[in-house]
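Beneath this line is the structure, given in structure tokens, with notes to follow.
Chains as they are written, first to last, in the numbering used here: chain A, 937 to 1269; chain B, 174 to 431.
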């Protein structure tokens, strides 16, 4: 049965003793049964938001309700309703997969006679039955993530928080996890709040996406609607001779508005459709300007990020990494 | 079993399983005290000839030291396990379940109780096989095990406190040499009244570890010594209570969940 409540947050703020405000007034609403993708670079505030919504970190200001319960006043009820697989699968390398499930089912107070059956079903579901009695230290990254997901599901939560669930996984493991998450939402009505720094993940998996940067949501909507906001395709050219950069930009500017491009290239958002490409090639040829690289690309979520923040998502990740690694101690609420 | 009992039982089980899956830890905490005992007995056996020495053999006198040393290993075992759980995020995983903070501490310490019992039985067996005499008889063995477990709980709670306060396994391991110094500056190798160097005797007299060792030792060398036992159990309880209170407070700070 699909639940009545999803996730609602209003003006959620989290300050830390040192450093910038990690989350700076987030408002969001995730409908029951929806997969919500929270997209942003490292250090943008994704994990801090998840920690607040899962009750692990009290907010400095603002309020939120998860599964209909207030995250500050009704922490235990929130925890009973949610499952979470947080960043970096938190597993004990000395225990086996089956032992993890035994511990997790016991911690959740599941009756003794139900524990074994539920553990076996979950092991089967995430494809770890054969590896269940092996120590986790011998698991691959994908296996650890799948076990992490199984552990988050032992008490049949209505809402699932996945904090960068596919970071570091190979494409095959990533696809397998996407399939499972999609199935949970579509077939079982589980609400999924998923943070990611992968555009493709948000695009493929999420019903709606919130783009976060420096602790604020800068754009929100379905992937299609967000891309439609950007609307038009763009063209980027890398001059063969760097001295021609200005001349190439002037030529391209006849076809659209200049926008930030790669360090060596120049880019414009086309006023017309993709058909302008042939005209651009002819114009460059007429000016006798050689280009090393010419690329047309349709709007992506990265373009949305670029349009909203002036930075590319990948570059922003590297830029903010130091900040994320040095996340300071929390201030007591 | 009650949900709390189940949680404590499962966490204790995990604590024991983890320890036995780290052979280096097992070898260190089970065998190192016996090795040191063998070295001390071999080198200091003549001390038993000193007039006023309270035991017939140095083995009887030094056997108590192994239980104390085993308890010190409990400090680092509990501490490093908890610190690793904090560093890997495993504590957050547990925090997301209905687990009570008291169950987390009790589970870790129950694991240490089981390990301390196993260690103590090994030390006792080796001591008796090597010819040690146990003056307090079978009932004394039970009391000795109780005191050894109490000391392990006290030191385990100190390790837990440090791990929860700092979140660092290195900090916990840094404490170990300090505790070892406390052990050597106690009456572990000579009765306090026979220590001739003044500063050493004073330090050994104000060092609580002396009274813990003397409580254990009294059962082996003197039989039933009410004063030594009262001091040993009294200090053991006081240390355990203080360390558990500090660890509970540190846990509350660490588990900032709402």
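Heads up, the beta-carbon is just placed ideally off N, CA and C, and yes, glycines get one too.
Cα-Cα separation, residue 347 of chain B to residue 382 of chain B: Along the second chain, one-based indexing puts residue 347 of chain B at 174. Along the second chain, one-based indexing puts residue 382 of chain B at 209. Their backbone Cα atoms lie some 19 Å apart in a straight line.
Tell me which same chain residues have a C-beta within less than 6 Å of the C-beta of residue 1259 of chain A, skipping the five on either side of it? Taking the first residue of the first chain as 1, we reach residue 1259 of chain A at position 323. Any reading at residue 1259 of chain A needs caution, since the residue's pLDDT is 41, under 50, leaving its predicted position unreliable; the model's value is listed next. Closer than 6 Å at the Cβ level, and outside the excluded window around residue 1259 of chain A, lie 979.
Segment limits, beta strand (DSSP E) that includes residue 392 of chain B: In the second chain, residue 392 of chain B corresponds to position 219, counting from 1. Note, residue 392 of chain B: premise wrong, no beta strand (DSSP E); alpha helix (DSSP H) at 381-394.
In chain A, which residues lie less than 7 Å from residue 265 of chain B when you measure between Cβ atoms? Numbered from 1 along the second chain, position 92 holds the residue referred to as residue 265 of chain B. Residues of chain A passing the Cβ test: 992, 1022 and 1026.
Separation of residue 271 of chain B from residue 328 of chain B, as counted between CA atoms: Position 155 of the second chain, counted from the first residue, corresponds to residue 328 of chain B. Position 98 of the second chain, counted from the first residue, corresponds to residue 271 of chain B. In a straight line, the C-alpha of residue 328 of chain B is about 27 Å away from that of residue 271 of chain B.
Reference residue 992 of chain A, options A:1014, A:1116, A:998 and A:962, closest by Cα: Walking along the first chain from the start, residue 992 of chain A turns up at place 56. Residue A:1014 holds the alpha-carbon nearest to the alpha-carbon of residue 992 of chain A among A:1014, A:1116, A:998 and A:962.
C-alpha distance - residue 344 of chain B paired with residue 335 of chain B, whole-angstrom precision: In the second chain, counting from the first residue as 1, residue 344 of chain B sits at position 171. In the second chain, counting from the first residue as 1, residue 335 of chain B sits at position 162. One C-alpha to the other measures close to 7 Å.
What residues from chain A crowd round residue 190 of chain B, counting only those whose CB sits closer than 9 Å? Within the second chain, residue 190 of chain B is the residue found at index 17, counting from 1. Within 9 Å of the CB of residue 190 of chain B, the CB atoms of chain A belong to 1030, 1031 and 1035, in sequence order along the chain.
Using the Cα positions of residue 178 of chain B and residue 230 of chain B, report the straight-line distance between them to the nearest angstrom. In the second chain, the residue the question calls residue 178 of chain B occupies position 5. In the second chain, the residue the question calls residue 230 of chain B occupies position 57. Cα to Cα, the separation comes out at about 44 Å.
Determine the contact status of residue 1158 of chain A and residue 1144 of chain A, defining contact as a CB-CB distance below 9 Å. Locating residue 1158 of chain A in the first chain gives position 222, counting from the first residue. Locating residue 1144 of chain A in the first chain gives position 208, counting from the first residue. Yes; because the gap between Cβ atoms is below 9 Å, this pair is in contact.
Per the DSSP calculation, residue 1132 of chain A is bridged to which residue(s)? Residue numbering aside, residue 1132 of chain A sits at position 196 when the first chain is read from its first letter. Per DSSP, A:975.
If you draw a straight line from the C-alpha of residue 1080 of chain A to the C-alpha of residue 412 of chain B, how long is it? Translated into the one-based positions of the first chain, residue 1080 of chain A becomes position 144. Translated into the one-based positions of the second chain, residue 412 of chain B becomes position 239. Rounded to whole angstroms, residue 1080 of chain A to residue 412 of chain B spans 40 Å at the Cα level.
Any contact between the stretch 953-971 of chain A and the stretch 1142-1156 of chain A? By contact I mean 3 or more CB pairs, one from each, below 8 Å. Result yes; three or more Cβ-Cβ pairs closer than 8 Å.
Could you give the uninterrupted runs of the alpha helix (DSSP H) lying entirely in the stretch 1034-1084 of chain A, keeping only those of 4 residues or more? Entirely contained in the stretch 1034-1084 of chain A, the alpha helix (DSSP H) runs reaching 4 residues are, in chain order, 1048-1061.
With a cut-off of 9 Å, does the C-beta of residue 1095 of chain A fall near any C-beta of chain B? Taking the first residue of the first chain as position 1, residue 1095 of chain A is located at position 159. Not a single CB atom of chain B sits nearer than 9 Å to the CB of residue 1095 of chain A.
Residues within the stretch 211-244 of chain B neighbouring chain A, beta-carbon criterion of under 9 Å: Flagged: no residues at all.
Could you tell me which chain B residues have their CB closer than 8 Å to the CB of residue 942 of chain A, listed as they occur along the chain? As a position in the first chain, residue 942 of chain A is number 6, starting the count at 1. Neighbours of residue 942 of chain A on chain B: none; closest Cβ ~18 Å, over 8 Å.
Which residue marks the beginning of the alpha helix (DSSP H) containing residue 1150 of chain A, and which one marks its end? Position 214 of the first chain, counting from 1, holds the residue named residue 1150 of chain A. That residue, residue 1150 of chain A, is in no alpha helix (DSSP H); it is neither H nor E in DSSP.
From the DSSP secondary-structure annotation, give me the bridge partner or partners of residue 1173 of chain A. Sequence index remark: in the first chain, residue 1173 of chain A carries index 237 (1-based). For residue 1173 of chain A, the beta-bridge partners assigned by DSSP are A:1202 and A:1230.
Residue-level contact to chain B via CB, residue 1302 of chain A, 9 Å cutoff: There is simply no residue 1302 of chain A to check, as chain A begins at 937 and stops at 1269 in what is shown.
Within chain A, the residues that residue 365 of chain B reaches when beta carbons sit closer than 8 Å: By one-based count along the second chain, residue 365 of chain B stands at place 192. Per Cβ cutoff of 8 Å: no residues; residue 365 of chain B is ~42 Å from chain A at best.
Show which residues of chain B have a CB atom less than 7 Å away from the CB atom of residue 1194 of chain A. The count along the first chain starts at 1 and reaches residue 1194 of chain A at position 258. Close to residue 1194 of chain A, with beta-carbon spacing below 7 Å, lies no residue of chain B; the smallest spacing is near 45 Å.
Could you compute how far the alpha carbon of residue 1273 of chain A sits from the alpha carbon of residue 333 of chain B? Residue 1273 of chain A is absent from the model: chain A starts at 937 and stops at 1269.
So, do the stretch 1099-1109 of chain A and the stretch 1060-1073 of chain A have three or more beta carbon pairs nearer to each other than 8 Å? Three or more Cβ pairs closer than 8 Å define a contact, and the stretch 1099-1109 of chain A falls short of that threshold against the stretch 1060-1073 of chain A.
Assuming residue 1184 of chain A and residue 1231 of chain A are in contact, meaning their beta carbons sit under 8 Å apart, how far apart are those beta carbons, in whole angstroms? Numbered from 1 along the first chain, position 248 holds the residue referred to as residue 1184 of chain A. Numbered from 1 along the first chain, position 295 holds the residue referred to as residue 1231 of chain A. Contact flag wrong, Cβ pair sits at about 13 Å.
State yes or no: is the beta carbon of residue 1150 of chain A nearer than 9 Å to at least one beta carbon in chain B? Within the first chain, residue 1150 of chain A is the residue found at index 214, counting from 1. Judged by the 9 Å Cβ criterion, residue 1150 of chain A is not in contact with chain B.
Rounded Cβ spacing between residue 1202 of chain A and residue 1188 of chain A (contact assumed at less than 8 Å): Numbered from 1 along the first chain, position 266 holds the residue referred to as residue 1202 of chain A. Numbered from 1 along the first chain, position 252 holds the residue referred to as residue 1188 of chain A. So it is a contact: roughly 6 Å between Cβ atoms.
Can you name the residues of chain B whose CB is closer than 8 Å to the CB of residue 1230 of chain A? The residue labelled residue 1230 of chain A in the question sits at position 294 within the first chain. At a beta-carbon threshold of 8 Å, none of the residues of chain B lie near residue 1230 of chain A; the nearest stands roughly 46 Å away.
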